[in-house]
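Numbering (mature numbering (1 follows the signal peptide of the UniProt record, and there is no 0)), first residue to last: -32 to -1, 1 to 187. First up is the structure itself, then whatever we jot down about it.
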Amino acid sequence: MTRRSLHPTLALRAAAFLGALLLPLPCCVCLAGEEGEPKAAAATRGFTFRPHPLPYSRSYGVFDLGLSYRLNKDKGYYSTDSRVGVSLDLGYMCNLSPENAVGVSVFGLSDERSERGGVRARYRRWLTPAVGADATVGLALANSDAYYSQAPRFVGSVGVQAGGLVGATLEAEQIGSSRGAGSVWDWRIGGRLGSGAGVVGTVLLIGALAAFIATYSYD
């Protein structure tokens, strides 16, 4: 059998997982020409898909596609110590002031350990009208393989996002193992694509995974 770096079963699971998260999202509405509107109109909007502080919007959506790399060593489902993970956050934020916003999101994460999902409380500090510093705390409530990671467990992150489009994060996740080793921690660094960039990135990722699965050879 020809060996490739990404196991086809893992690719299929990741594609199905991301696809399921996308089903409830009205993508076409969200991508409608936000950039073409003048600032005077933007200041009167109650909700925007792309993140903005007050007075440009009172609330905004969270659509973040993340690609992460695990810093600590360990082996997952396929026992290869593959450290790359893909995540997707969908949520809602409310601006309390021109500097502060709070909200909540649901998230999914797929890597070699398992597919898992949960909920996060979110806080954003607007450093400028275009740059925000983020902190999240949450719980992973469900996962596909309890042998490697038991739910519920703590997940937290800090990060920064520019223009509501690109960002970087540092994330910690508690891993409660049924192997008797107790709780350990995964530490991940990663990048994120937000709002419209996140939608485009998600579509391209699913397309790439579908193409990989369609062309994979077992011979």
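For glycine and all other residues, C-beta sits at the position ideal for the given N, C-alpha and C.
What does the Cβ neighbour count give for residue i, buried or exposed, with the cut at 16 atoms within 10 Å?
i: Trp94; result: buried
i: Thr170; result: buried
i: Leu172; result: exposed
i: Pro97; result: exposed
i: Gly175; result: exposed
i: Ser125; result: buried
i: Asp183; result: Checking the sequence, you will find Thr at residue 183 rather than Asp. Flag for Thr183 reads exposed.
i: Tyr37; result: exposed
Who are the Cβ neighbours of residue i in its own chain at under 6 Å, not counting the five residues just before and after it?
i: Asp57; result: Val30, Asp32, Ser73, Phe75
i: Gly34; result: Ser55, Gly158, Arg160
i: Gly4; result: Because the pLDDT of Gly4 is 47, which lies under 50, any placement of that residue in the model is unreliable, and the question is left without a value.
i: Trp155; result: Leu39, Asn40, Ala140
Find out if the Cβ-Cβ distance for the pair residue i, residue j is shorter than 8 Å.
i: Gly135; j: Gly159; result: yes
i: Gly127; j: Pro19; result: no
i: Arg90; j: Gly132; result: no
Between the options, which lies nearest to residue i when the distance is taken from Cα to Cα?
i: Arg88; options: Ala108, Ser27, Phe15; result: Ala108
i: Phe122; options: Arg84, Leu133, Asp102, Val99; result: Arg84
i: Val70; options: Ala110, Tyr184, Pro21; result: Pro21
i: Ala140; options: Trp153, Gly131, Gly59; result: Trp153
i: Gly100; options: Glu80, Ser82, Gly106, Met61; result: Met61
i: residue 262; options: Asn40, Phe17, Ser27; result: The requested residue 262 does not occur in the structure, where the chain is confined to residues -32 to 187.
i: Leu77; options: Glu67, Val52, Ala130, Leu133; result: Val52
i: Asp79; options: Tyr24, Gly86, Ser50, Gly106; result: Ser50
i: Gln142; options: Gly106, Gly132, Tyr91, Ile181; result: Gly106
First and last residue of the alpha helix (DSSP H) that includes residue i?
i: Ala182; result: 163 to 183
From which residue to which residue does the beta strand (DSSP E) around residue i run?
i: Leu109; result: 99 to 111
i: Asn68; result: 68 to 78
i: Ser125; result: 121 to 130
i: Leu33; result: 27 to 38
i: Leu58; result: 52 to 63
Can you list, in chain order, the residues of its chain whose CB lies under 8 Å from that of residue i, leaving out five sequence neighbours each side?
i: Arg26; result: Arg13, Gly14, Phe15, Cys62, Asn63
i: Glu67; result: Pro21, Arg93, Trp94
Would a check of beta-carbon distances place residue i closer than 8 Å to chain D?
i: Ser50; result: The structure shown has no chain D; it contains just one protein chain.
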